[in-house]
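When we follow our numbering, the leftmost residue of the sequence shown carries the number 2, and every step to the right adds one.
Beta carbons: idealized from backbone N, C-alpha and C, even for Gly.
Being a predicted model, the structure only gives us computed values, none of them experimental.
Report on the following structure.
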Amino acid sequence: MEYQIRRYRIEPEKMDEFVALWRDGVVPLRQRRGFVVHGAWVIEDSNEFLWIIGYDGPEGVAAGNEAYYASEERKSMEPDPARYILAGDHEVAVRVL
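What follows is the structure, given as C-alpha cells:
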C-alpha cells in the first residue's frame, strides 16, 4: 500500500464547513474509489487540515488520485470543499512501522 500525507491551509473561519464537506463528500467517494482514510487532524493555531490516505491499486497512489479527480462524481461535487483550500501539498510516504 502507498500512502499520501495531504496538508491544506483552510480559509479563516471556514474549517468547520470544510471538514463537514470533506467528511460527507470526499471520504465516501475516496473509499468507493479504493482509498483508505487513515486519519485526519486539524491544527487550529495555523488553520491547517492534515490527513493521510492509503491506496493499494496496482497503478499507485498518483494514478488513483488522477482517476479520482477525473471521475464525474468528483467533478460534480457541490459544494466543492476545495474552494476553501488556500494552499496545500501532498507527499507520498512509505510506512516503516
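Around the CB of L22, 16 or more other CB atoms lie within 10 Å, so the residue is classed as buried.
In the three-state scheme derived from DSSP, where H, G and I count as helix and E and B as strand, D25 is classed as helix. For Y69 against F19, the beta-carbon gap comes to about 18 Å, at or over 8 Å, which does not count as contact.
Between G65 and F36, the C-beta spacing is below 9 Å. Per the coordinates, the alpha-carbon of D90 lies some 23 Å from the alpha-carbon of L98.
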